[in-house]
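Working notes, structure below.
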DNA sequence: TACTCGATCGGA
DNA sequence: CCGATCGAGTAA
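Numbering (our numbering), first residue to last: 153 to 351.
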């Protein structure tokens, strides 16, 4: 029996694949050290009731309707800046939420650590800009990747809230590879620590 | 213009 | 568990 693959389901596969492929890549903010991405979530299309694009094109979601490779940054709960990478072709609204880095979990904490806010919304993820992605050669073995339901999206109803579109891995389980350069000895300390942070 | 409600976090 | 804090989305 042949299976018909619709353009939408094809695009969905691409979004989920790109979400997984971000794991092990490095998020680099100009003036900061690179940080390995360890946790992401996929938001895909207008049918995805957890995705902001569920309401169609609006001023806020417009950036997701453009071609991938740009940042989508929005304010959550009036308090936290959320960082997403727009993916997919023009007119297919999809984005990957950066939820965690090696040593920094939580989407709000990630943006606070790197001083990211809505000024970067719509900006390209390019080295010529303020924020970009680097491949440092880290390969995350698929068996290390855990897929689980997205966080904080119960409002989307049981079907969409349960989609296992959150991907993460434990960086401590990565195999040690000779030739993997450590950036630990570089220049500066990585910025704003909260006052209560002892050390 | 007047509501309502978050893709969260830190403190009680 | 709860409050913070504000803008997007919707109804009017």
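The C-beta atom is built at its ideal place from N, Cα and C for all residues, glycine as well.
Can you tell me whether residue i is buried or exposed, with buried defined as 16 or more other CB within 10 angstroms of its CB?
| i | result |
| --- | --- |
| residue 320 | buried |
| residue 240 | buried |
| residue 325 | exposed |
| residue 162 | exposed |
| residue 228 | exposed |
| residue 339 | Note that residue 339 scores 40 on pLDDT, short of 50, meaning its location in the model is unreliable; the coordinates nonetheless yield the value given after this. Residue 339 should be labelled exposed. |
| residue 196 | buried |
| residue 167 | buried |
| residue 177 | buried |
| residue 198 | buried |
| residue 315 | buried |
| residue 194 | buried |
| residue 259 | buried |
| residue 292 | buried |
Give the DSSP bridge partners of residue i, in chain order.
| i | result |
| --- | --- |
| residue 318 | 193 and 300 |
| residue 228 | 232 |
| residue 203 | Answer by DSSP bridge pairing: none, since residue 203 is not bridged. |
| residue 285 | 179 |
| residue 276 | 222 |
For residue i, I'd like the list of residues in its chain whose CB is within less than 7 Å of its CB, leaving aside the five on either flank, ordered along the chain.
| i | result |
| --- | --- |
| residue 190 | 175, 252, 253, 254, 320, 321 and 323 |
| residue 308 | 201 and 202 |
| residue 172 | 297 and 319 |
Report, in whole angstroms, the separation of the C-beta atoms of residue i and residue j, which I expect to be a contact under 8 Å.
| i | j | result |
| --- | --- | --- |
| residue 192 | residue 249 | 6 Å |
| residue 277 | residue 317 | Not confirmed; about 20 Å, so no contact. |
| residue 238 | residue 262 | About 17 Å separates the two Cβ atoms, so there is no contact after all. |
| residue 306 | residue 313 | 5 Å |
| residue 188 | residue 290 | 7 Å |
Just reading off the alpha helix (DSSP H) that residue i is part of, what are its end residues?
| i | result |
| --- | --- |
| residue 214 | 214-217 |
| residue 309 | 309-313 |
| residue 165 | 159-174 |
| residue 258 | Careful: residue 258 lies outside any alpha helix (DSSP H) and carries neither H nor E. |
What is the residue span of the beta strand (DSSP E) that residue i lies within?
| i | result |
| --- | --- |
| residue 246 | 246-253 |
With a threshold of 8 Å on Cβ separation, who are the neighbours of residue i within its own chain once the five nearest residues in sequence on each side are excluded?
| i | result |
| --- | --- |
| residue 213 | 204, 205, 207 and 245 |
| residue 164 | 196 and 197 |
| residue 273 | 215, 223, 224, 225 and 226 |
Between residue i and the rest of its own chain, which residues show a CB-CB distance below 6 Å, the 5 nearest in sequence each way excluded?
| i | result |
| --- | --- |
| residue 266 | 181 and 184 |
| residue 284 | 180, 277 and 278 |
| residue 281 | 275 |
| residue 226 | 234 |
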